[in-house]
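*Asks:* I have a structure I would like to understand better, so I am pasting it below and will then ask my questions one at a time.
Number of protein chains: 2
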Amino acid sequence: MWKPDRESKKPLYAQIADHLEQRISYGEFPPGSQLPSERKLAEQLGVNRSTVILAFSELRSMGIIEGKSGSGTRVTMTKWGATPKHTPNWKRYAEGGNFLPNLPFMRRIREALSGAPALIDFASGELSGDLAPSEEISNLMSRHQYTAYLGYDHPQGYIPLRQVLVPYLNKYRQIQTTESSILITSGSQQSLYLITQCLLSPGDAVAIEDPSYCYSLPMFQSAGLRLFRLPVDRDGACPEDLRALYRRHRIKMVFLNPNYQNPTGAVLGMERRKRLLELASELGLPVVEDDPFSLTSYGGMPPAPLKAMDAAGSVLYIGSFSKIAASGLRVGWMVAPNAIVERLADARQQMDFGLSVIPQQVAAQFLKSDYFEPHLDRLRMQLQFKRDLLIAALKRELTGLISFTVPEGGLHLWCKLVPQVHDGKLLEEAIRRGVVFVPGSVYGSDSGYVRFTFARARAEDIDAGISRFAEALRALLEVPSP
Amino acid sequence: MWKPDRESKKPLYAQIADHLEQRISYGEFPPGSQLPSERKLAEQLGVNRSTVILAFSELRSMGIIEGKSGSGTRVTMTKWGATPKHTPNWKRYAEGGNFLPNLPFMRRIREALSGAPALIDFASGELSGDLAPSEEISNLMSRHQYTAYLGYDHPQGYIPLRQVLVPYLNKYRQIQTTESSILITSGSQQSLYLITQCLLSPGDAVAIEDPSYCYSLPMFQSAGLRLFRLPVDRDGACPEDLRALYRRHRIKMVFLNPNYQNPTGAVLGMERRKRLLELASELGLPVVEDDPFSLTSYGGMPPAPLKAMDAAGSVLYIGSFSKIAASGLRVGWMVAPNAIVERLADARQQMDFGLSVIPQQVAAQFLKSDYFEPHLDRLRMQLQFKRDLLIAALKRELTGLISFTVPEGGLHLWCKLVPQVHDGKLLEEAIRRGVVFVPGSVYGSDSGYVRFTFARARAEDIDAGISRFAEALRALLEVPSP
Ligand SMILES: Cc1ncc(COP(=O)(O)O)c(C=O)c1O
Ligand SMILES: Cc1ncc(COP(=O)(O)O)c(C=O)c1O
């Protein structure tokens, strides 16, 4: 992103005014359209709000923009020889369609991070650069000749990748399958998107865990689904709750994240797995098993997935490289009955014509290489190390103010806040102090929880991040609640 | 894909029966589900239909499948200790959602190609392996250190790629823009998908060219849009037709492919470009300019895009690497006003969390490299050469039976068939003889047209392909129409 040049003799506000004038003249902000708020621009450009206010007043005096400082600022119509009807009402178009915008908290976090990359990041659910196998991947890329024909890919995904996933799934997840049952997707995310868009219809009732990663995705509401909650305890969701929901709402599908659940870290108990599968097959109810974290397990193998015990063929299984290698690869997979794989592959063609072949080649090489096992070992150790750093910092800074269960795998720690504080205010206080986390209400449960991702921040920043968070929390506690 | 081993002592039918039994036991075909038809399986496995019939009867005698040969074959319920309610009704789920399946002709062509890769391919709208810069890309990949942090990408796409697209768009397409107005997508396809899903609502009327690539995409119907046709002549679509459609149907958006239009090859005349833009700004009507072919122009620069003359900010511009480098890269871009870029980037996050970083790095390197210009020169020459081969073959084999206009860019030749033949029958006759093309009706116009892509087949196969096509056509002409 463009930033003003602090070494230049030209004042910051004038640089910003010129930059905005150019973007306006190129049509990024057509006549009549709204400019970003002063706060947002200041954050994006890394300057004080007063500098943006100066730049705006410069543009206002040139007749390029109009509207008062503070309330929305718009590009003028007249200056450009255009009358109101001349430009499409882009704002109205942007509000069209069925697609709900991302949750405000998630947008706010993204905005804060893109404006100030030095924020200590307990929010992004991914690995830090040093945990990702970047060097291994770079080596593989320079060693192998990627001269395969780069035409449109097979609708189910790159065949050699599907071929190496067969023994991978067998070895690490005890799942028996063939390449023809596998669909490669852009991470788990696209698998979830395809399921909600193509297998369910508006008005259908689905059950999801509470709290759950799924609540952070407006995708479920965008598809018009009615969401019903399965409370998660230490052993995950309870089969009896599912039966009750099914009776009352004719649930059409269940979404579970059985291992190191996001956000709670819970692991679905073996007894519950068995009863859930029995129930699913008794009711003919499909189960979506979202399983991105299993291989991060710090202490040996996690329980077998539902899919490995799925005699009745009730389970759609989803995996991903995001949490064990790199989220920027965008390689995930689904294992599903033929009718489903064909349907989803067909629909995906229409959305994006499939994934790029190159990251699929890289992923296949990486899985087959001698790098994979040592990488996993190192990843697990380092995740556990970071988890322990986080826990030590929390104990030092916040004893009595928070409580949590120690997770045995995954990237996240789910904390209950003892005092009652306002989610949004806590987030703003934290951002002001240079740290971000995800407010618990994003995951559907009542507020009063916080998700800390310990995988993304650098180990040496974890302490400072928690100190800042503790300051933010204490600042709110000092103010008497209204 | 698994194929039976023709060297093995085990008979083909027994290998196929074992293979199917395994896939059934793994849950690819759960109890009660339907197996692919005998014809389809035979095509996939590259065997005679009678071999599949034998394999099926073996499985039938083992009680694994049931149903008569010819009518649908299903996996039995009883053998697996399951009663009908035990498995989700996957077929019903596969029919859910709003998403229409791909067109039967497109599925048929894909099926035929995946069963018999040696078919001469005049159907796939892409470059052949030797036209793609595979070696250049392979060199770039081994030369550069791809150790950038592979985290979730910026919602608008990889910043260095957007940065090199700014001078690219300026140099080759006379478009002035900044990186903040660019959204990177999975080819043009995902740009179109995002526009239809997120900016338009069910029931909205849109205008598209007739014939048009867009008719081959059920995506427009899936979004519930009402489609109205702008007939295409040698100079593209006519502004007056758009005005008439707008009056009658309150058109909300226009989709145009102004340069070397797919399928006709037409180039929108300069006068019409100007009038279209005036009309769009008079009506406040957004224009989607889909421009994947411009840089293939065989004889110098094609006309400036609408976007370059778009003073009123009416145009959403879409470009892609698919037709000038490699479709398997899956890198395309949209240039649009800020409100639209932000909205679509936000929605795309929910669908797939963005593109893989690696192909975007590769695309950026390629654009910046000294390989790009020479590659373009070579590509244009070779496309023209293949076009001429195709035309020579058509003249030799089919004079009097077809007519066409010679395209000056792009990958396709659009032919009118003089005799009246049945689209689907012609396609089957052609597949039987080892060649595929796309029936014209896929693009929305009346039948009686054929699209030949000359870019995908190897130059040395073009002659033989057209001979086979001519045989197929003649075979139909000999049969008196009913
Ligand atoms: C439970 C769960 N499922 C799916 C995803 C999507 O990840 P990706 O698409 O990168 O695989 C995430 C990411 O945070 C997750 O936590
Ligand atoms: C006119 C047009 N637009 C868009 C596309 C989609 O191509 P891609 O998504 O590979 O860029 C095509 C492909 O054939 C096309 O012909």
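Residue numbers (the UniProt record's numbering), protein chains in the order written: chain A, 1 to 482; chain B, 1 to 482. Positions of the beta carbon are idealized from the N, C-alpha and C atoms, including for glycine.
Quick check on DSSP: helix, strand or coil for A:Trp2?
*Replies:* Here A:Trp2 sits in coil by DSSP.
*Asks:* Please confirm if A:Met77 has its CB atom under 8 Å from at least one CB of chain B.
*Replies:* Judged by the 8 Å Cβ criterion, A:Met77 is not in contact with chain B.
*Asks:* My output table needs one value for B:Thr185: the three-state DSSP class, helix, strand or coil.
*Replies:* Three-state DSSP puts B:Thr185 in a strand.
*Asks:* Kindly examine ligand 2 and report whether one of its heavy atoms sits closer than 7 Å to the Cβ of B:Tyr213.
*Replies:* Flag set: Cβ of B:Tyr213 near ligand 2.
*Asks:* Specify, as a first and last residue, the run of the alpha helix (DSSP H) that A:Ala244 falls within.
*Replies:* Pro239 to His249 is the span of the alpha helix (DSSP H), which, as asked, contains A:Ala244.
*Asks:* For residue 483 of chain B versus A:Arg330, is the C-beta distance shorter than 8 Å?
*Replies:* Absent from the model: residue 483 of chain B. The displayed extent of chain B is 1 to 482, so no value can be given.
*Asks:* Do you know offhand how far A:Ala347's Cα is from A:Glu95's?
*Replies:* One C-alpha to the other measures close to 24 Å.
*Asks:* Rank A:Leu427, A:Phe122, A:His144 and A:Pro337 by C-alpha distance to the C-alpha of A:Leu389 and give the top, closest one.
*Replies:* The shortest C-alpha separation from A:Leu389 is found at A:Phe122.
*Asks:* Take the Cβ of B:Asn48 as the centre, count every other Cβ of all protein chains shown within 10 Å, and call the residue buried at 16 or more, exposed below.
*Replies:* Flag for B:Asn48 reads exposed.
*Asks:* With A:Arg275 as the anchor, note down where its alpha helix (DSSP H) starts and where it stops.
*Replies:* First-last of the alpha helix (DSSP H) with A:Arg275: Met270 to Leu283.
*Asks:* Near ligand 2, which residues have their beta-carbon less than 6 Å from any of its heavy atoms, given in chain order?
*Replies:* Qualifying residues come out as A:Phe353, B:Gly125, B:Gly187, B:Ser188, B:Gln189, B:Tyr213, B:Asn257, B:Asn262, B:Asp290, B:Pro292, B:Ser320, B:Ser322, B:Ser327 and B:Gly332.
*Asks:* Suppose the cutoff is 7 Å on Cβ atoms and the five residues either side in sequence are ignored; what does the same chain contact list for B:Arg173 look like?
*Replies:* The residues are Ser294, Pro305 and Ala308.
*Asks:* Assess, as a yes-or-no matter, whether the region 387–402 of chain B is touched by the region 235–249 of chain B under the definition of 3 or more beta carbon pairs within less than 8 Å.
*Replies:* No, the region 235–249 of chain B does not touch the region 387–402 of chain B.
*Asks:* Check the Cβ of B:Tyr371 against every Cβ in chain A and list those closer than 7 Å, keeping chain order.
*Replies:* Going along chain A, no residue has its Cβ under 7 Å from B:Tyr371, so there is no contact; the nearest lies around 14 Å.
*Asks:* Along chain A, which residues have their Cβ under 9 Å away from the Cβ of B:Gln365?
*Replies:* Neighbours of B:Gln365 on chain A: none; closest Cβ ~12 Å, over 9 Å.
*Asks:* Would you give the residue range spanned by the beta strand (DSSP E) that B:Asp210 belongs to?
*Replies:* Looking at the DSSP string, the run of the beta strand (DSSP E) that includes B:Asp210 is Ala205 to Asp210.
*Asks:* Could you give the uninterrupted runs of the beta strand (DSSP E) lying entirely in the region 446–473 of chain B, keeping only those of 3 residues or more?
*Replies:* Listed in chain order, they are 449–453.
*Asks:* Please determine, among A:Gln197, A:Gly313 and A:Asp233, the residue with the shortest C-alpha to C-alpha distance to residue 527 of chain A.
*Replies:* No answer is possible for residue 527 of chain A: the residues shown for chain A start at 1 and end at 482.
*Asks:* Taking beta-carbon pairs under 8 Å, can you tell me which members of the region 178–195 of chain B lie near chain A?
*Replies:* Those would be Thr178, Glu179, Ser180, Ser181, Thr185, Ser186, Gly187, Gln189, Gln190 and Tyr193, in chain order.
*Asks:* Please find out if some non-hydrogen atom of ligand 4 comes closer than 7 Å to the beta-carbon of B:Ser294.
*Replies:* By its list of ligands, the structure shown excludes ligand 4, since it contains just ligand 1 and ligand 2.
*Asks:* Can you list, in chain order, the stretches of the alpha helix (DSSP H) that have 4 or more residues and sit fully within the region 95–122 of chain A?
*Replies:* Listed in chain order, they are 104–115.
*Asks:* Within the region 291–320 of chain B, note down every full beta strand (DSSP E) run reaching 3 residues or more, in order along the chain.
*Replies:* Here the runs fully enclosed are 315–320.
*Asks:* Do the region 283–302 of chain B and the region 104–113 of chain A touch if we need at least three Cβ pairs shorter than 8 Å?
*Replies:* Counting Cβ pairs under 8 Å, fewer than three are found: no touch.
*Asks:* Helix, strand or coil for B:Met77, going by three-state DSSP, please let me know.
*Replies:* It is coil, neither helix nor strand.
*Asks:* Specify, as a first and last residue, the run of the beta strand (DSSP E) that B:Ile402 falls within.
*Replies:* B:Ile402 -> beta strand (DSSP E) spans Ile402 to Phe404.
*Asks:* Between the beta-carbon of residue 487 of chain A and the beta-carbon of B:Phe29, is there less than 8 Å?
*Replies:* Absent from the structure is residue 487 of chain A, since the part of chain A shown begins at 1 and ends at 482.
*Asks:* From what residue to what residue does the beta strand (DSSP E) around B:Arg229 run?
*Replies:* Arg226 to Pro231 is the extent of the beta strand (DSSP E) around B:Arg229.
*Asks:* State yes or no: is the beta carbon of A:Pro302 nearer than 8 Å to at least one beta carbon in chain B?
*Replies:* With 8 Å as the cut-off, A:Pro302 does not count as an interface residue toward chain B.
*Asks:* Comparing the C-beta of B:Gly465 with each C-beta of chain A, is any distance below 8 Å?
*Replies:* Cβ-Cβ to chain A under 8 Å: no for B:Gly465.
*Asks:* Put residue 514 of chain B into one of helix, strand or coil per three-state DSSP.
*Replies:* This structure cannot speak to residue 514 of chain B, because chain B is shown only from 1 to 482.
*Asks:* Tell me whether the region 317–326 of chain A and the region 11–31 of chain B touch, counting them as touching only if at least three CB pairs, one residue from each stretch, are closer than 8 Å.
*Replies:* No contact exists between the region 317–326 of chain A and the region 11–31 of chain B.
*Asks:* Using the C-alpha atoms, what's the distance from A:Tyr215 back to A:Ser222?
*Replies:* Cα-Cα distance, rounded: 12 Å.
*Asks:* If you pair each beta-carbon of the region 415–426 of chain A with each one of the region 440–454 of chain A, do three or more pairs fall below 8 Å?
*Replies:* Output reads yes: the region 440–454 of chain A touches the region 415–426 of chain A.
*Asks:* What is the DSSP secondary structure of A:Met253, reduced to helix, strand or coil?
*Replies:* Residue state, collapsed to three classes: strand.
*Asks:* Compare the beta carbon distance of A:Pro133 and A:Tyr371 with 8 Å and say whether it is the shorter of the two.
*Replies:* It is a contact, given that the beta carbons lie within the stated cut-off.
*Asks:* Measuring only between beta-carbons, confirm whether A:Val267 sits less than 8 Å from chain B.
*Replies:* Not an interface residue.
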